[in-house]
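Worksheet: one structure, shown below.
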């Protein structure tokens, strides 16, 4: 099968890019497409230093630093890719890639990290971040609403271009059904669990790794630990940084993004990893468990599928400092005893080898079914 792999944008090596990395390992001869490609130097190794076919957005002014501002043009850009030479198209989707155009005799499988969140679930939170004047919409706010309305219409319409959906969690599979009325099989994303070396004797500090954006709710974690006066190390940055700095007491250490080996060291040694976001899957909590750290997390979204309450972590019910404090106090009281081996074993089921096996098996079976169906119809 001649294969094309298409991803929204290649600018870093994070969660969705790790899926692309493993797709390329499963299909090393595939050609790679992306709206923009700004990977530099050593970062290109995860795409096997392959050339990337990019869209016209790559060449627009300020695209390197502000490519997301070209969101209104992305549906048009994704439709311009000519994939007519390929038998199999694998799209890694969280915004527009599933809208790529294919023929009836081409198999298109879309791995959905999430239906576009700021167009659906997080629309109101996203719009609330845009300035309003005296309770009325600004011109920017009005234009954003119009763009998101158009994007939703296009997003639903182009779901029919996909032959088979994959989702990165049951949580996302339910959202795929809600948004597109299409079933999706779950293949959990690959997590590099082997890079962690758990410490038997763990240190007393708690650990947070997160971007400082509203939905991650780092603010409630920092507020809770400031009141508890327990040691907390937070690694990350983002638009909410100044607000989080104001909430942080002397017991909270805020650090900018750190190299992977430094983050792994904190994971290996921390007393527990704290996580307050409602995520589609959530790679960081799995990484923490691979490091033998119990997870204290908001009990909604992907963590319900990766954390075993009372065995590999504790889930709290509300995104409030009080809920975080109650969960931390449970850990501090010693009411729950966590076994590092059990925590690591739970994380091991999300390794990259498992992802490649499940992806290859799904593609092979879907390819056979697809060709059998075409033979019957024609």
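Numbering (this note's numbering), first residue to last: 1096 to 1473. We treat Cβ as the ideally placed atom computed from N, Cα and C, and that holds for glycine.
| Check | Outcome |
| --- | --- |
| Buried or exposed, going by whether 16 or more other CB atoms sit within 10 Å of the CB of residue 1255? | exposed |
| Note the first and the last residue of the continuous alpha helix (DSSP H) segment covering residue 1209. | Per DSSP, residue 1209 belongs to no alpha helix (DSSP H) and is neither H nor E. |
| Out of 1187, 1201, 1158 and 1143, state which residue places its alpha-carbon closest to the alpha-carbon of residue 1465. | 1201 |
| Between residue 1412 and the rest of its own chain, which residues show a CB-CB distance below 7 Å, the 5 nearest in sequence each way excluded? | 1394 and 1418 |
| Mind checking who residue 1280 pairs with in its DSSP beta bridge? | 1261 |
| Just verifying my parser: in three-state terms, what is the DSSP assignment at residue 1242? | helix |
| Measure the CB-CB distance between residue 1190 and residue 1166 and report whether it falls below 9 Å. | yes |
| State whether the segment 1209-1217 contacts the segment 1259-1274, with contact taken as three or more CB pairs (one from each stretch) at a distance under 8 Å. | yes |
| Taking only the alpha-carbon atoms, compute the straight-line gap between residue 1403 and residue 1311 and give it to the nearest angstrom. | 21 Å |
| According to DSSP, simplified to helix, strand and coil, what is residue 1228? | Here the model assigns residue 1228 a pLDDT of 49, short of 50, so the residue's position is not dependable and the matter cannot be decided. |
| Return the Cβ separation of residue 1302 and residue 1253 in integer angstroms, given the expectation that the two are a contact with Cβ distance under 8 Å. | Actually they are not in contact, since the Cβ atoms of residue 1302 and residue 1253 sit about 40 Å apart, beyond 8 Å. |
| So, is residue 1115 buried or exposed, given that buried needs 16 or more other C-beta atoms within 10 angstroms? | buried |
| Using the C-alpha atoms, what's the distance from residue 1376 back to residue 1266? | 8 Å |
| Whether or not the segment 1323-1330 and the segment 1347-1355 are in contact is what I'm after, with contact meaning three or more pairs of Cβ atoms, one per stretch, closer than 8 Å; do they touch? | yes |
| Given a cut-off of 9 Å, decide if residue 1290 and residue 1359 are closer than it, judged by their beta-carbon atoms. | yes |
| Taking residue 1283 and residue 1445 to be in contact with their CB atoms under 8 Å, please state how far apart those CB atoms are, rounded to whole angstroms. | 5 Å |
| Mapping DSSP to helix, strand and coil, what is residue 1099? | strand |
| Would you check if the segment 1306-1322 and the segment 1449-1462 touch, i.e. whether three or more CB-CB distances between them fall below 8 Å? | no |
| Is the separation between the beta-carbon of residue 1362 and that of residue 1343 shorter than 9 Å? | no |
| Taking the C-alpha atoms as reference points, what is the distance between residue 1454 and residue 1142? | 18 Å |
| For residue 1396, tell me which candidate among 1390, 1424 and 1372 has the shortest Cα-Cα distance. | 1372 |
| Residue 1318 lies in the beta strand (DSSP E); which residues open and close that run? | First-last for residue 1318: 1313-1323, but that is the alpha helix (DSSP H), not the beta strand (DSSP E). |
| Give the secondary structure of residue 1179 by DSSP, where H, G and I count as helix, E and B as strand, and everything else as coil. | coil |
| Identify every residue that forms a DSSP beta bridge with residue 1203. | 1184 |
| For the beta strand (DSSP E) holding residue 1408, just list the boundary residues, first then last. | 1408-1411 |
| From what residue to what residue does the beta strand (DSSP E) around residue 1367 run? | 1367-1370 |
| Can you give the Cα-Cα distance for residue 1124 and residue 1409, rounded to whole angstroms? | 43 Å |
| Quick one: residues in its chain with C-beta nearer than 7 Å to the C-beta of residue 1447, no 5 flanking neighbours on either side, listed in chain order? | 1117, 1285 and 1287 |
| Report the residue from 1320, 1348 and 1105 whose alpha carbon sits nearest the alpha carbon of residue 1391. | 1320 |
| Would you mind giving the Cβ-Cβ distance between residue 1152 and residue 1131, rounded to the nearest angstrom? I have them listed as a contact below 8 Å. | 6 Å |
| Assuming residue 1482 and residue 1257 are in contact, meaning their beta carbons sit under 8 Å apart, how far apart are those beta carbons, in whole angstroms? | The requested residue 1482 does not occur in the structure, where the chain is confined to residues 1096 to 1473. |
| Taking the alpha carbon of residue 1107 as the reference point, which residue from 1121, 1388 and 1137 has its own alpha carbon closest? | 1137 |
| Are there 16 or more other CB atoms within 10 angstroms of the CB of residue 1228, so buried, or fewer, so exposed? | Model confidence at residue 1228 stands at a pLDDT of 49, short of 50, so the residue's coordinates are unreliable and nothing is read from them. |
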